[in-house]
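Take 77 as the starting number for the sequence shown in the numbering used here and just add one per residue. Every residue, glycine too, gets a C-beta built ideally from N, C-alpha and C. Heads up: the structure comes next, in structure tokens.
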Amino acid sequence: MDKALFLKQIDRVVDRGPFAPTWNSLEQYQVPAWYMDGKFGIFIHWGVYSVPAFGNEWYPRQMYLQNSNTFKHHIEKWGPHNKFGYKDFIPMFKAKKFDAGEWADLFRKSGARFVVPVAEHHDGFAMYNCAFSRWTAVRMGPRRDIIGELAKAVRRKGMVFGLSSHRIEHWWFMNGGTQFDSDVKDPACLDFYGPAKPDNTQPDREFMDDWLARCCELVDKYEPQLFWFDWWIEQPSLKSHLRRFASYYYNRGAEWAKGVAINYKNDAYTPKSAVFDIERGQLAGVSDFFWQTDTAVAKNSWGYIDGMDYKTSESIVGDLVDIVSKNGALLLNIGPRPDGTIPQQDQDILLEVGKWLAVNGEAIYDTRPWKVYGEGPTQIFEGHFTDTKRNAFTSQDIRFTAKGRNTLYAIALNRPENGEVAIHSLGANLRLFEGEIDTVRLLGARKAVTWSREPGALRIKLPGKPGHNVFALEITRKT
77 MDKALFLKQI
87 DRVVDRGPFA
97 PTWNSLEQYQ
107 VPAWYMDGKF
117 GIFIHWGVYS
127 VPAFGNEWYP
137 RQMYLQNSNT
147 FKHHIEKWGP
157 HNKFGYKDFI
167 PMFKAKKFDA
177 GEWADLFRKS
187 GARFVVPVAE
197 HHDGFAMYNC
207 AFSRWTAVRM
217 GPRRDIIGEL
227 AKAVRRKGMV
237 FGLSSHRIEH
247 WWFMNGGTQF
257 DSDVKDPACL
267 DFYGPAKPDN
277 TQPDREFMDD
287 WLARCCELVD
297 KYEPQLFWFD
307 WWIEQPSLKS
317 HLRRFASYYY
327 NRGAEWAKGV
337 AINYKNDAYT
347 PKSAVFDIER
357 GQLAGVSDFF
367 WQTDTAVAKN
377 SWGYIDGMDY
387 KTSESIVGDL
397 VDIVSKNGAL
407 LLNIGPRPDG
417 TIPQQDQDIL
427 LEVGKWLAVN
437 GEAIYDTRPW
447 KVYGEGPTQI
457 FEGHFTDTKR
467 NAFTSQDIRF
477 TAKGRNTLYA
487 IALNRPENGE
497 VAIHSLGANL
507 RLFEGEIDTV
517 RLLGARKAVT
527 WSREPGALRI
537 KLPGKPGHNV
547 FALEITRKT
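Put into structure tokens, the structure is as follows:
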């Protein structure tokens with residue numbers, strides 16, 4: 077594909093609307109219902125960085141930083157960087173056991189409504205059929221269009237397909253290798269490792285145009301309904317390109333008659349023009365704008381490594397509930413091995429989340445925030461990289477979701493020892509839930525609960541132990 081001609085095509089799509097590349101126009105955007113209803117998706121960090129399986133998915137950067145443990149590890153295990161560089165892992169990235177259908181089946185069983193694989197990470201290796209690079213999974217390594225296969229498999233299972241691009245960080249990502257004798261300085265590899273500029277410089281027009289072309293190519297080839305961006309797109313020099321991309325993507329979405337969404341961090345976009353995303357963190361309260369947390373099943377890496385430090389499925393379910401109660405969605409990441417298999421512990425966590433959603437999903441899917449998000453003592457730390465800071469939820473921690481005016485869900489984040497749940501926000505004196513309560517039901521239970529509404533709380537006696545420490549109660553109003 078001729079890049080100059082494609083850039084002109086991008087301009088034509090931008091010019092014909094309905095979205096123009098201005099903030100005023102882009103802020104007319106509406107978040108699609110499938111996203112606000114779906115709440116839960118799967119993120120997939122899979123690439124060449126899974127081969128060394130050391131440190132984390134930033135191995136390709138850290139292996140060239142001379143004071144890092146990864147640098148020392150690389151020399152000890154693989155040899156000097158001018159003899160064995162990051163590119164030399166590509167032939168080892170075979171993906172022989174990759175089965176997109178099996179992955180999609182697992183994701184469906186997890187209860188996910190959308191799936192977002194990484195199309196290109198900071199390392200610059202495209203996991204798709206990119207016309208602007210020879211360093212792709214189609215031409216090297218697996219010699220397969222990983223993104224294309226996943227798109228088909230995910231849609232066959234009835235889920236929404238999205239993808240992510242981390243390409244913009246490649247401007248500086250490999251710059252450590254320019255400081256000593258490494259293959260980053262090899263002219264034959266410049267189209268892979270380059271530009272490798274200093275961290276504190278802004279991308280130039282050539283690189284930004286290439287970024288825009290790659291992003292729009294992904295839109296056209298795979299028609300993703302979610303396009304996730306990492307943090308560095310907030311650069312001042314990129315603002316006009318960000319608006320052009322959003323205009324192009326939203327206009328394509330209008331042509332497809334499909335709801336689409338962009339994820340962004342920090343202030344790259346405005347709150348009305350795209351969906352705000354918090355990495356490994358949450359909000360302390362309810363947002364007027366629909367938002368998202370992206371986090372991983374492991375605490376120490378997004379991509380597969382030896383020695384994954386896993387979260388528990390219970391803590392992930394608790395975070396999902398807290399996020400949804402505050403008008404958010406959860407994008408939960410896994411890291412497959414280089415052969416294309418998903419580690420068993422990743423699978424187990426996803427299946428456990430799926431079992432919980434099979435019972436309690438009606439309190440999550442298709443819901444909206446209530447008047448208050450919840451109650452209880454456990455503090456939620458707000459912002460990026462706070463996902464492991466909170467204490468375990470207690471039996472006093474309750475979160476609320478709603479469907480219409482007459483159905484409220486109260487989700488208890490830990491099982492009470494005495495079998496009684498006290499919900500103070502539903503006390504008769506507080507009048508948050510106006511009118512008389514008609515029914516109270518424990519989701520997944522055959523036996524009825526007993527309850528009484530007192531001035532200070534709604535008190536519910538459970539009919540035995542719920543099947544999970546986190547459980548949902550449906551409360552309906554008399555009409």
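Going by the beta-carbon positions, is the gap between residue i and residue j smaller than 8 Å?
| i | j | result |
| --- | --- | --- |
| Pro218 | Trp247 | no |
| Gly123 | Gly379 | yes |
| Thr464 | Gln358 | no |
| Leu302 | Ala195 | no |
| Asp199 | Pro136 | yes |
| Ala548 | Ile487 | yes |
| Tyr324 | Val90 | yes |
| Ala504 | Pro539 | no |
| Val230 | Val260 | no |
| Val373 | Leu406 | no |
| Gly238 | Trp154 | no |
| Tyr326 | Val336 | yes |
| Tyr386 | Gln421 | yes |
| Trp367 | Gly404 | yes |
| Asn132 | Ile381 | yes |
| Leu489 | Gly394 | yes |
| Val497 | Glu390 | no |
With distances taken Cα to Cα, identify the nearest neighbour of residue i among the options.
| i | options | result |
| --- | --- | --- |
| Trp307 | Leu288, Glu428, Ser240, Tyr269 | Ser240 |
| Thr369 | Gly117, Phe95, Gln85, Ser101 | Gly117 |
| Ser209 | Ala188, Glu178, Asp267 | Asp267 |
| Asp442 | Arg92, Trp110, Lys84 | Trp110 |
| Asn482 | Thr346, Gly177, Ile551 | Ile551 |
| His150 | Arg491, Met139, Lys159 | Met139 |
| Asp286 | Gly437, Lys341, Met250, Lys84 | Lys84 |
| Arg243 | Phe201, Ile499, Asp262, Asn251 | Phe201 |
| Glu438 | Met250, Lys148, Val397 | Val397 |
| Asp296 | Phe283, Thr526, Arg215, Gly329 | Gly329 |
| Ala565 | Ala533, Leu508, Lys541 | Because residue 565 is not part of the residues shown, which for the chain are 77 to 555, the question remains open. |
| Lys172 | Arg413, Gly452, Glu245 | Arg413 |
| Glu310 | Cys291, Pro279, Pro193 | Pro279 |
| Thr277 | His460, Pro300, Leu314 | Leu314 |
| Lys170 | Lys159, Arg215, Arg529, Thr470 | Arg215 |
| Val400 | Lys115, Leu81, Asn143, Pro94 | Lys115 |
| Pro263 | Asn158, His197, Pro300 | Asn158 |
Within the continuous alpha helix (DSSP H) that includes residue i, where are the two ends?
| i | result |
| --- | --- |
| Trp367 | That residue, Trp367, is in no alpha helix (DSSP H); its beta strand (DSSP E) goes 367 to 372. |
| Ala176 | 176 to 185 |
| Arg535 | No alpha helix (DSSP H) holds Arg535; the beta strand (DSSP E) holding it covers 534 to 537. |
| Ile118 | Per DSSP, Ile118 belongs to no alpha helix (DSSP H); it is in the beta strand (DSSP E), 116 to 120. |
| Ile86 | 79 to 92 |
| Asp353 | Looking at the DSSP string, Asp353 is not in any alpha helix (DSSP H); the run it does join, the beta strand (DSSP E), is 351 to 355. |
| Leu102 | 99 to 102 |
| Tyr125 | Per DSSP, Tyr125 belongs to no alpha helix (DSSP H) and is neither H nor E. |
| Trp304 | Element bounds for Trp304: not the alpha helix (DSSP H) but the beta strand (DSSP E), 302 to 305. |
| Tyr298 | 281 to 298 |
| Pro108 | First-last for Pro108: undefined, no H or E at that position. |
Near residue i, which residues of its chain fall below 7 Å by C-beta distance, leaving aside the five closest residues on each side in sequence?
| i | result |
| --- | --- |
| Trp446 | Phe476, Thr477, Ala478, Leu484 |
| Gly543 | Val435, Gly520 |
| Ala207 | Met77, Glu293 |
| Leu427 | Lys185, Ser186 |
| Asp87 | none |
| Val351 | Val107, Ala337, Ile338, Asn339, Phe366, Trp367, Gln368 |
| His500 | Glu451, Gly532, Ala533 |
| Phe165 | Val124, Val127, Pro128 |
| Phe119 | Val192, Asp370, Leu407, Leu408, Asn409 |
Between residue i and the ligand NAP, is the CB less than 7 Å from at least one heavy atom?
| i | result |
| --- | --- |
| Leu314 | The ligand NAP is not part of this structure, which contains no ligands at all. |
Name the two residues that bound the continuous beta strand (DSSP E) containing residue i.
| i | result |
| --- | --- |
| Glu331 | No beta strand (DSSP E) holds Glu331; the alpha helix (DSSP H) holding it covers 315 to 332. |
| Ala195 | 190 to 196 |
| Val260 | First-last for Val260: undefined, no H or E at that position. |
| Ile151 | Run containing Ile151: none in the beta strand (DSSP E); it sits in the alpha helix (DSSP H), 145 to 154. |
| Tyr340 | 337 to 340 |
Beta-carbon within less than 6 Å of residue i's beta-carbon, same chain only, minus the 5 sequence neighbours each way: which residues are those?
| i | result |
| --- | --- |
| Lys341 | Trp307, Asp353 |
| Ala360 | Ile456, Glu458 |
| Gly224 | none |
Considering only residues of the same chain and omitting the five flanking positions on each side of residue i, which have a CB-CB separation below 8 Å?
| i | result |
| --- | --- |
| Pro97 | Val90, Ser316, Arg319, Arg320, Ala322, Ser323 |
| Thr212 | Phe201, Ala202, Met203, Tyr204, Asn205, Cys206 |
| Arg232 | Gly177, Ala180 |
| Lys228 | Ala176 |
| Arg466 | Thr454, Gln455, Ile456, Phe457 |
**Start-end ranges of the beta strand (DSSP E) lying completely within the stretch 365 to 421, minimum 3 residues** = Within the stretch 365 to 421, the complete beta strand (DSSP E) runs of at least 3 residues are 367 to 372, 404 to 410.
**Asked** Residue ranges of each beta strand (DSSP E) run of no fewer than 3 residues wholly in the stretch 219 to 253, ordered along the chain?
**Response** DSSP runs (the beta strand (DSSP E)) wholly in the stretch 219 to 253: 239 to 241.
**Within the stretch 464 to 547, ranges of the beta strand (DSSP E) (whole runs, at least 3 residues)** = DSSP runs (the beta strand (DSSP E)) wholly in the stretch 464 to 547: 474 to 479, 483 to 488, 496 to 499, 513 to 518, 526 to 529, 534 to 537.
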